[in-house]
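Numbering (our numbering), first residue to last: 221 to 358.
This is the structure in structure tokens:
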């Protein structure tokens, strides 16, 4: 895409705005205002540059952060939902399952099981080529 450096700076500034404010209610109007572009023009440029809409980018960012928090196992699913910026537990659960393939609680359970298995059978988490090259199987 041929855009001026100024346009790229505006789009990147809006992406940084999303990255820093993901936990707040954010809409297209607020993001495009940050880029000093019309909503339509901003949406089109952001989608072309990042290969996803601003909403898709925001949702993915929130889901990735939710995954990290679920693995830490310190907050409830509802607390995580609120912390990463989703407005309701139902929309969070639906979008999480759509993006990851399983519900948040199931994801947490699998992450906990994987941690437990890694502690019990650490060799199963080491790549075979590493085991072989360092002769760890002897």
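Glycine residues also receive a C-beta, built at the ideal position from the N, C-alpha and C atoms. Remember, it's a predicted structure, so these values are computed and weren't measured experimentally.
Can you check whether the CB of residue j is closer than 8 Å to the CB of residue i?
{"i": "residue 304", "j": "residue 237", "result": "no"}
{"i": "residue 254", "j": "residue 286", "result": "no"}
{"i": "residue 260", "j": "residue 251", "result": "no"}
{"i": "residue 290", "j": "residue 300", "result": "yes"}
{"i": "residue 265", "j": "residue 227", "result": "yes"}
{"i": "residue 325", "j": "residue 297", "result": "yes"}
In terms of residue numbering, what span does the alpha helix (DSSP H) encompassing residue i cover?
{"i": "residue 301", "result": "297 to 303"}
{"i": "residue 311", "result": "309 to 320"}
{"i": "residue 238", "result": "225 to 241"}
{"i": "residue 279", "result": "274 to 292"}
{"i": "residue 267", "result": "259 to 270"}
{"i": "residue 251", "result": "248 to 255"}
Where does residue i fall in DSSP's three states?
{"i": "residue 350", "result": "helix"}
{"i": "residue 327", "result": "helix"}
Alpha carbon to alpha carbon, how far is residue j from residue i? Give it in angstroms, no decimals.
{"i": "residue 350", "j": "residue 342", "result": "13 Å"}
{"i": "residue 315", "j": "residue 294", "result": "21 Å"}
{"i": "residue 323", "j": "residue 311", "result": "11 Å"}
{"i": "residue 225", "j": "residue 270", "result": "15 Å"}
{"i": "residue 245", "j": "residue 331", "result": "28 Å"}
{"i": "residue 232", "j": "residue 352", "result": "45 Å"}
{"i": "residue 288", "j": "residue 273", "result": "23 Å"}
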